[in-house]
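Q: If you scroll down you'll find the structure; I have some questions about it.
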Amino acid sequence: MAFYPFIAAEQAYPRNQWYVAAWSHEVGEAPLMRMIAGERIILYRQRSGSVTAVSALCPHRQMPLETAEIVNDQIVCPYHGAAFGSDGVCAHLPFQKHVPAGMNLKSFHVVEHAPFIWLWVGAEELPDLNRLPSARSLQPEDGRTLLFGLKTFHVQARSQIVLENLFDQSHISFTHPLTLGQRCTANGPTRPSEIIDEENYLAFLRLSSPKATDEALHALFPTLSAQMRIRSRSELFGVGLVISAGSEIIACDEEGEPTSSMGDLVFFHAITPETEHSTHYFAGIMRNFALNDQDISNSYAERNDQVVSEDIRILEAIEPHLVEADARREPNFVTDAAAVRVRRRIEALMGNTPVRCACEPACEA
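Residue numbers (the numbering used here): 13 to 377.
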């Protein structure tokens, strides 16, 4: 039976892909333990500053290594003192010279592109760097952009439904009535004006109709015209990095035509499978306006934390009921089109060519 919500795939997530293992600031000289794709892994920084990732259990008696000391870049098991190099190879045993077979830790490929540390989940041979998401837009520029509100959440739900939720506009009015919307259809989802579909990138772009600039936006952007538009985008980089509700404030002329960009607010999410039924969720924000206003940072960060928590409440309520669920028989709404397109893309990466169901909505621009 296929693993919900897929049509044919029997696994929960694609392997031989890059996933975010941690924020850069989370990893220091002490081991950080994190389970990723069903494997217990510890991450730590060597004296050079580079990040190491190895399996988190000592092969001798299975002692967890998250409490181990790091001595000269070597992990020293707190149970019997076995020392492992940053490559996972057992370098020293206190009471014998001979190192038994099977004493090495598994080593994982990692790449740090701040603010993320990426980990290759899959075959141990050299990873495919072409699959490493290119998200340069999330790397802050000194004095021009501000990165803030970085948080790590844990979700007791499978990674695919967490990912698809970020492309679901129709839930906003009902899951987030106080934080993002009203329980009505007036602020409902809109069709994308453009879809970009590339090998390692998928985007749905939208440009709102002109509307009068309200007082709150005038306070943020004193030179903003009387009319404005919002350019938003939902982007998938690789298999788990999402920019959702990225919004750019556009000034307009008297006819409502765009003239200039006033500011860009980006909410980004990295979705990493912990197990088949649980997920690590990394959320953050970036903006290029009012960079020195801490009150704005606090307000956006607090609201984003609440929004993510509201989503998690829904997703965790759904997860226990998915064991027997069959996506082939599940109805879809027209507003599910973007999420279903993401689903088909992910399933194809697992070597499946999913059959399009009769109930599956179209997603033309």
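Think of the CB as a built atom: it goes at the ideal place given N, C-alpha and C, for glycine as much as any other residue.
Can you tell which of L162, I184, V335, P270 has its C-alpha closest to the C-alpha of E38?
A: On the sequence shown, position 26 is the one that residue 38 refers to. Looking at the Cα atoms, L162 is the closest of the given residues.
Q: Where D226 and F165 are concerned, what is the direct C-alpha to C-alpha distance, given to the nearest angstrom?
A: Taking the sequence shown and counting its residues from 1, one reaches residue 226 at position 214. Taking the sequence shown and counting its residues from 1, one reaches residue 165 at position 153. So the alpha carbons of these two residues sit roughly 33 Å apart.
Q: Applying the 10 Å Cβ sphere with the 16-neighbour rule, what's the burial state of I82?
A: Taking the first residue of the sequence shown as position 1, residue 82 is located at position 70. Buried.
Q: Please return the same chain residues whose Cβ sits closer than 6 Å to the Cβ of H289, not counting the five positions on each side in sequence.
A: Here residue 289 corresponds to residue number 277 of the sequence shown, with the count starting at 1. So the list reads R170, once near-sequence residues are dropped.
Q: What is the rounded straight-line gap between the Cα of D307 and the Cα of S321?
A: The count along the sequence shown starts at 1 and reaches residue 307 at position 295. The count along the sequence shown starts at 1 and reaches residue 321 at position 309. If you take the alpha carbons of D307 and S321, they lie about 21 Å apart.
Q: From H183 to P343, what distance separates their C-alpha atoms?
A: In the sequence shown, the residue the question calls residue 183 occupies position 171. In the sequence shown, the residue the question calls residue 343 occupies position 331. Rounded to whole angstroms, H183 to P343 spans 16 Å at the Cα level.
Q: Should G50 go down as buried or exposed, given a rule of 16 or more other Cβ atoms within 10 Å for buried?
A: One-based indexing of the sequence shown puts residue 50 at position 38. Exposed: under 16 other Cβ atoms inside 10 Å.
Q: DSSP on A377, reduced to helix/strand/coil?
A: For this step, residue 377 is matched to residue 365 along the sequence shown. Its pLDDT being 43, under 50, A377 is placed unreliably in this model, and the value from its coordinates should be taken loosely. In this structure, A377 counts as coil in the three-state DSSP scheme.
Q: Would the region 76–96 and the region 55–66 be scored as touching if the rule is three or more Cβ pairs under 8 Å?
A: Enough Cβ pairs lie closer than 8 Å, so yes.
Q: For L327 versus V174, is the C-beta distance shorter than 8 Å?
A: The count along the sequence shown starts at 1 and reaches residue 327 at position 315. The count along the sequence shown starts at 1 and reaches residue 174 at position 162. Yes, they are a contact pair.
Q: Using DSSP with H/G/I as helix, E/B as strand and the rest coil, what is A349?
A: If you number the sequence shown from 1, residue 349 lands on position 337. In this structure, A349 counts as helix in the three-state DSSP scheme.
Q: To the nearest whole angstrom, what separates the beta carbons of V354 and L248, a pair I think is in contact under 8 Å?
A: Within the sequence shown, numbered from 1, the residue matching residue 354 stands at position 342. Within the sequence shown, numbered from 1, the residue matching residue 248 stands at position 236. Contact holds; Cβ gap of about 6 Å.
Q: With H, G and I counted as helix, E and B as strand and the rest as coil, what does DSSP make of T202?
A: Counted from its first residue, the sequence shown places residue 202 at position 190. T202: coil per DSSP, three-state reduction.
Q: Taking Y91 as the reference, which of A21, H72, E124 has the closest Cα?
A: Here residue 91 is taken as the residue at index 79 of the sequence shown, counted from 1. Considering only alpha carbons, the answer is H72.
Q: Quick one: grab the DSSP three-state call for A360.
A: Your numbering for residue 360 matches position 348 in the sequence shown. Residue state, collapsed to three classes: helix.
Q: Note down, in chain order, each residue of its chain lying with its Cβ closer than 8 Å to the Cβ of A14, except the 5 sequence neighbours on either side.
A: Along the sequence shown, one-based indexing puts residue 14 at 2. Cβ within range, chain order: A20, A21, E22, D338, A339, R340.
Q: I believe N116 touches V101 by the beta-carbon criterion, under 8 Å. Please report the beta-carbon distance rounded to the nearest angstrom.
A: As a working note, residue 116 is residue 104 in the sequence shown. As a working note, residue 101 is residue 89 in the sequence shown. Right, the Cβ-Cβ distance comes to about 5 Å (below 8 Å), so this counts as a contact.
Q: Going by the CB atoms, is the gap between L236 and M298 shorter than 8 Å?
A: The residue labelled residue 298 in the question sits at position 286 within the sequence shown. The residue labelled residue 236 in the question sits at position 224 within the sequence shown. No, the Cβ-Cβ distance between M298 and L236 is not below 8 Å.
Q: Less than 8 Å between the CB atoms is what I'm expecting for M47 and E286, so what's the real figure, rounded?
A: Position 35 of the sequence shown, counted from the first residue, corresponds to residue 47. Position 274 of the sequence shown, counted from the first residue, corresponds to residue 286. Yes, M47 and E286 are in contact; Cβ-Cβ is about 5 Å, under 8 Å.
Q: Is it buried or exposed, H110, if we count other Cβ atoms within 10 angstroms and call 16 or more buried?
A: The count along the sequence shown starts at 1 and reaches residue 110 at position 98. With fewer than 16 other Cβ atoms within 10 Å, it is exposed.
Q: Can you look up D317 in the DSSP assignment and give me helix, strand or coil?
A: Translated into the one-based positions of the sequence shown, residue 317 becomes position 305. Three-state result, D317: helix.
Q: Use the C-beta contact count for M240: other C-beta atoms within 10 angstroms, 16 or more gives buried, fewer gives exposed.
A: Taking the first residue of the sequence shown as 1, we reach residue 240 at position 228. Label assigned to M240: buried.
Q: Find the nearest neighbour of V251 within the set Q86, S146, A34, Y16, judged by alpha-carbon distance.
A: Mapped onto the sequence shown, residue 251 falls at position 239. The candidate whose alpha carbon is nearest that of V251 is S146.
Q: Please report the straight-line C-alpha distance between E136 and P76, rounded to a whole angstrom.
A: Translated into the one-based positions of the sequence shown, residue 136 becomes position 124. Translated into the one-based positions of the sequence shown, residue 76 becomes position 64. Whole-angstrom Cα-Cα distance: 22 Å.
Q: Could you tell me the alpha carbon to alpha carbon distance between A33 and R356, rounded to whole angstroms?
A: Taking the sequence shown and counting its residues from 1, the one referred to as residue 33 is at position 21. Taking the sequence shown and counting its residues from 1, the one referred to as residue 356 is at position 344. Answer to the nearest angstrom: the Cα atoms are 24 Å apart.
Q: By Cβ distance, which residues of its chain are closer than 8 Å to T271, with the 5 residues on each side in sequence left out?
A: To locate residue 271, count along the sequence shown from 1; it is residue 259. Once the five neighbours on either side are set aside, the close Cβ partners of T271 are S237, I262, A263, C264, D265.
Q: With 16 as the cutoff for other CB atoms within 10 Å, does E331 come out buried or exposed?
A: What you label residue 331 is simply residue 319 of the sequence shown in a count that begins at 1. E331 should be labelled buried.
Q: What is the residue span of the alpha helix (DSSP H) that Q172 lies within?
A: For this step, residue 172 is matched to residue 160 along the sequence shown. Where Q172 is concerned, the enclosing alpha helix (DSSP H) stretches over 171–177.
Q: How would you call D348, buried or exposed, if buried means at least 16 neighbouring beta carbons within 10 angstroms?
A: For the purposes of this step, residue 348 is identified with residue 336 of the sequence shown, where counting begins at 1. Per the 10 Å Cβ criterion, buried.
Q: DSSP on S62, reduced to helix/strand/coil?
A: Within the sequence shown, the letter at position 50 stands for residue 62. Coil at S62, not helix or strand.
Q: Would you kindly check if the distance between the Cβ of I242 and the Cβ of F280 is under 8 Å?
A: Numbered from 1 along the sequence shown, position 268 holds the residue referred to as residue 280. Numbered from 1 along the sequence shown, position 230 holds the residue referred to as residue 242. No; because the gap between Cβ atoms is not below 8 Å, this pair is not in contact.
Q: Would you mind stating whether Y16 and L361 have Cβ atoms separated by less than 8 Å?
A: Translated into the one-based positions of the sequence shown, residue 16 becomes position 4. Translated into the one-based positions of the sequence shown, residue 361 becomes position 349. No. Outside cutoff.
Q: Compute the distance between the beta-carbons of K118 and S67, then report whether it is under 8 Å.
A: On the sequence shown, position 106 is the one that residue 118 refers to. On the sequence shown, position 55 is the one that residue 67 refers to. In this structure, S67 lies closer than 8 Å to K118 by Cβ.
Q: Would you report the Cα separation of P222 and E269, rounded to the nearest angstrom?
A: Position 210 of the sequence shown, counting from 1, holds the residue named residue 222. Position 257 of the sequence shown, counting from 1, holds the residue named residue 269. Taking the straight line from one Cα to the other gives about 8 Å.
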